[in-house]
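Data first, discussion second: the structure below is written as structure tokens.
Chains as they are written, first to last, in the numbering used here: chain A, 1 to 181; chain B, 1001 to 1284; chain C, 2001 to 2778.
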């Protein structure tokens, strides 16, 4: 192992910085309604919806777990349907209505699905959870009383490495029950 | 990861889109295959034409003995369409096997068909349905059969500047039974093998058999030898076995980490038997 | 209802209490590394080698540097004084390759970092990476540990042509005699394939250097923030007290975030160089290639037994695929396999040899279970094979060889002392739940019908709660500080660094019971080196058993102080502290924690030899490891036509000692079992001969998904450990360790009529179909 370098090597008051060049990329304006609020932003066409939500709007609830749209951590609701926001360009969403995990609780009250994930221990590290909850919403919107098999089939597009899915399945069932009650 | 920069257009009319495509732009439909490929920089189009804003490109319409399905109709629209479930259940059933909930919400029939992934689900059904695919360019429109459309891996009859405008499938009256049976590639959810079967009986004999196969080789195809072998028979279990064994005959089968060529061929026969039995059982 | 409502007088420990950490996670408001944004923050993207072995002839960064928005591009030459990525394990004669932060003249694996682009946003940084041109002189690679050890193999590191990093030998008892006197000897080569941990959150780092006061803030997705602090500070020559590491919300680790990685050093270095905060977030592709892998064993077992089934000796040779470099624990992992090679059995004689082999692959290191899954898989497969050889029932041979209840503490032939156990209890319970005898009868019927039904058992033991410091590379103790604030609320600062295991809840339960306060009055703080006392971190199923115990002792210290204040305030020397109240046993007068806290901070008057305030800190060194155990029973059926395995029943009976929160323990078991089933049936890191990772994305690496998982019937037996006063052993890795042998034993049992005696994982349908068709044609 070579000797560790000293902090002084870096020049503590060194102001040697690279010049900051101008960044110019073609942008277009989009208007989007997210969780009930309307936003207007100039975006590069290649900006992915997930990066738009996280970096531009500041909604960091949806997560990025892969780049092949196979993990589902980035799932949000776009025009009433669950989609993987890592496989949609923000520019495609001009004029659309988007719901993210941050918009699920209303008036200071958790959504029944959130409540169910909490009660049933449907999460551990929590990274997949926003996507799981948004997909669960889609499952229950279409089928208010799903069987275990239908739940598992419905969650096919969402990976979780912590829970083994069992408590998630319980949470979806509990949410269905709570919604029916 | 992150795609390269590109120019983006979202025309409101098909003509406008076709004009841009004629200049070399690439179409973007649901983006379920294209966008991940762009993120990995395996595909780097300079100009994307989003078909999502074109009015009247998403529809499912019955017209006489056929059903027209617009290019930007999503897999979810297809799987949940009462019209298709009633009158072309094979297509609806096949759509329900594609990807996952989120992918089916965004992915479109036109995009999937044009992409021609050799492991995609739709092509098997379209072969079995003897579907027609309407291709439109700036100056032309033509209709090709599914059999002629799927040429090779990621290669179709589409010419530069053309898009899939719609897919036409037949109305299956009573007396027809169908089934799609699929072996999942466990990681990706694509088909290791997918078999779409469509059979009609007259009396106790099989009057018509159509077997579409995906995943097995470089393109989806119709197993015509197997179809012929079944027609005129009663469809007994022994006959089904014999017919199913013909599905992979002479096919240069794909081989990869998830299934060798031998195993794929074997699965094709097992799942063909399964699909045939289910389809025959569904004849009302 | 899965959870219980708590009334104040009830004990909290033992209850199914929903987690304190969940509200931020279910609302999307938790802060993971990628959620951190700072003014002026730059983004780094890393160019990585596409080759497994190559010389770097030249690197042209001019185009990347010229790109608008790019602040800097660095290559290996720039960072060569930044120190090397550290390895914490030491073994006699260990060859430690120098692991540069960025490659200098050669690359040793696909994914090896070659250059880094720093730009105003992640899109431009990625564009910049595409503009770097590297001229490689590609060499042959070796990606298989057995091939690496063969004569004439490509040398991963030219200075060590035999690719041997180390050899290790251990023995106990008299193994020569055991084998000489054996009635039966069974031999088998067993592979525990390479796996990819794949936490859902990839790694990520934000480094924020403040030159004026020489402080570094490093936010990183880690399981061991203090370890990162000590190592990176040393490597960069920085002052440790001015180096703050924060593990914010961490989206899973499974052992792959214990290490200190090149990117943590690199990002800190860049932030100093550019005087700006800088962020790097690992892509999933990078995670597959550049975060450690697990397992990677080829094991050669020999087991000696008597005619009556008594196991008398085990010989084991391990070839460990180390990869091209070491991370913090790489060479130490197979030594854990050796320690646990006797399993739960009394086996008096063992001999073990490890050969650590370099390959042009990603380093292996601790992945859920770290060495114990391999050992358990080996012994549990071997025991089944001995049973088959002797025509014994697999349950019977296990019951015969288990360490007996009266033998604890039990010294093993590998030098451990098993703490406590009732090893037959979980096995018997699993068999009872399953209806074992009935299942065997069903199996006879199934076989008559030509169906392949299997019943698999696994009785696992594991070593947890790392551990006594002499046996742990970075110290094995843990720390806790408990503060009762003037308002009476309680703050716990813990040295462990949970990331899904739920200690914000279980620790609050412990505090609630000890201090008699409500769970809502307790806050558990972790993961920030500037806030919490030095700690070792969360891994090896140690957090509750070691960190919880440190907390327990801190609470005892604090309770003594509380009592002193109680005596003073109640003007009595006969005071009891219980249920949150100090009560005078004579007058019956009492005062609560709140009142005592107020008095302790107001300090108008103080008890003798007592200062103001209510704070206690305790560093606890465990006297031994803990040894959880259990039994899993799996019923499978293999489809004779396709080779598909379907799990009909999965029963997991785990004994992790006392259970603080059954809801959390069940969750740990389920998740562990999923990873174990994943290994048994689907997961594998496959390299081709050129060292390319074929299963390098979720497209090809099969992760267990919801529709693939069976329902897990979970149960427990409870044997408290005497090692710590909480009686807890640890449960984080148990499920994984129990699952793979149980599933494989079940499938081997299913196919045993075809003469199958062993199968290597993963049990892909094609592998089984080939066996079945060969068997049918035979």
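We put the CB at the ideal spot given by N, CA and C, even for glycine.
Give a yes or no on whether 8 Å exceeds the smallest Cβ distance from residue i to chain C.
i	result
residue 1113 of chain B	no
residue 130 of chain A	yes
residue 973 of chain B	Past the boundaries of the shown model lies residue 973 of chain B; chain B is included only from 1001 to 1284, so the question cannot be answered.
residue 975 of chain B	In the structure as shown, chain B begins at 1001 and stops at 1284. Residue 975 of chain B is therefore absent and cannot be evaluated.
So, with DSSP's three-state summary, where would you put residue i?
i	result
residue 2503 of chain C	helix
residue 2093 of chain C	coil
residue 22 of chain A	The pLDDT assigned to residue 22 of chain A is 41, lower than 50, so where the model puts this residue is not dependable; a value taken from the coordinates is nonetheless given after this. Looking at residue 22 of chain A - three-state DSSP - the assignment turns out to be coil, as it is neither helix nor strand.
residue 2217 of chain C	strand
residue 1257 of chain B	coil
residue 1973 of chain C	The structure shown has nothing for residue 1973 of chain C, since chain C only spans 2001 to 2778.
residue 1190 of chain B	coil
residue 1013 of chain B	coil
residue 2029 of chain C	coil
residue 2104 of chain C	coil
residue 2553 of chain C	helix
residue 2335 of chain C	helix
residue 68 of chain A	coil
residue 1265 of chain B	helix
residue 1038 of chain B	helix
Between residue i and chain B, is any beta-carbon pair separated by less than 8 Å?
i	result
residue 68 of chain A	yes
residue 2041 of chain C	no
residue 2423 of chain C	no
residue 150 of chain A	no
residue 2070 of chain C	no
residue 26 of chain A	yes
Please determine, among the options, the residue with the shortest C-alpha to C-alpha distance to residue i.
i	options	result
residue 2047 of chain C	C:2263, C:2099 and C:2138	C:2263
residue 2255 of chain C	C:2636, C:2643, C:2540 and C:2597	C:2540
residue 2669 of chain C	C:2223, C:2628, C:2059 and C:2074	C:2628
residue 112 of chain A	A:64, A:97, A:180 and A:38	A:180
residue 2187 of chain C	C:2317, C:2113 and C:2549	C:2317
residue 2555 of chain C	C:2443, C:2491 and C:2016	C:2491
residue 2274 of chain C	C:2019, C:2072 and C:2659	C:2072
residue 1271 of chain B	B:1124, B:1255, B:1080 and B:1059	B:1124
Mind reading off the beta-carbon distance from residue i to residue j? Whole number of angstroms is fine, and I expect it under 8 Å.
i	j	result
residue 2699 of chain C	residue 70 of chain A	7 Å
residue 2671 of chain C	residue 103 of chain A	About 29 Å; that fails the 8 Å criterion.
residue 2708 of chain C	residue 2740 of chain C	That pair is no contact at about 15 Å.
residue 2686 of chain C	residue 2359 of chain C	About 13 Å separates the two Cβ atoms, so there is no contact after all.
residue 999 of chain B	residue 1181 of chain B	Because chain B here runs from 1001 to 1284, residue 999 of chain B falls outside it and cannot be looked at.
Using a C-beta cutoff of 8 Å, does residue i count as contacting chain A?
i	result
residue 1118 of chain B	no
residue 2620 of chain C	no
residue 1044 of chain B	no
residue 2289 of chain C	no
residue 1170 of chain B	no
Using a beta-carbon distance below 8 Å, is residue i in contact with chain F?
i	result
residue 2698 of chain C	Here chain F cannot be found, since the structure's protein chains are A, B and C.
**OP:** Would you list, in sequence order, the uninterrupted alpha helix (DSSP H) runs of no fewer than 4 residues that lie entirely inside the stretch 1199-1230 of chain B?
**Re:** Qualifying alpha helix (DSSP H) stretches, in chain order: 1224-1230.
Subject >> Within the stretch 94-141 of chain A, ranges of the beta strand (DSSP E) (whole runs, at least 3 residues) >> reply: Assignment of beta strand (DSSP E) within the stretch 94-141 of chain A, counting only whole runs of 3 or more residues, yields 97-99 in chain order.
**OP:** Go through the stretch 2237-2319 of chain C residue by residue and report every complete run of the beta strand (DSSP E) that reaches 3 residues or more, in order.
**Re:** DSSP runs (the beta strand (DSSP E)) wholly in the stretch 2237-2319 of chain C: 2243-2246, 2278-2281 and 2297-2305.
**OP:** With a floor of 3 residues, list each beta strand (DSSP E) that falls wholly inside the stretch 2455-2533 of chain C, ordered by position along the chain.
**Re:** DSSP runs (the beta strand (DSSP E)) wholly in the stretch 2455-2533 of chain C: 2478-2484, 2490-2494 and 2522-2525.
Subject >> Entirely enclosed beta strand (DSSP E) segments - the stretch 1144-1189 of chain B, minimum 3 residues >> reply: Qualifying beta strand (DSSP E) stretches, in chain order: 1150-1152, 1163-1170 and 1176-1184.
**OP:** Within the stretch 2656-2717 of chain C, note down every full alpha helix (DSSP H) run reaching 4 residues or more, in order along the chain.
**Re:** The stretch 2656-2717 of chain C is shown to contain whole alpha helix (DSSP H) runs of 4 or more residues at 2662-2677, in chain order.
Subject >> beta strand (DSSP E) segments (min. 3 residues) lying fully within the stretch 1084-1151 of chain B >> reply: The stretch 1084-1151 of chain B contains these whole beta strand (DSSP E) runs: 1132-1136 and 1141-1145.
Original post:
Going along the chain, which unbroken runs of the beta strand (DSSP E) with 3 or more residues stay wholly within the stretch 2019-2084 of chain C?
Top reply: The stretch 2019-2084 of chain C contains these whole beta strand (DSSP E) runs: 2042-2048, 2054-2060 and 2070-2075.
Original post:
Where in the stretch 2168-2192 of chain C do unbroken runs of the alpha helix (DSSP H), each at least 4 residues long, occur, reported from the N-terminal end onward?
Top reply: Listed in chain order, the complete alpha helix (DSSP H) runs (minimum 4 residues) inside the stretch 2168-2192 of chain C are 2175-2180.
**OP:** Please list the segments of the beta strand (DSSP E) lying wholly inside the stretch 2712-2758 of chain C, counting only runs of 3 or more residues, in order along the chain.
**Re:** With a minimum length of 3 residues, the continuous beta strand (DSSP E) runs that stay inside the stretch 2712-2758 of chain C are 2712-2716.
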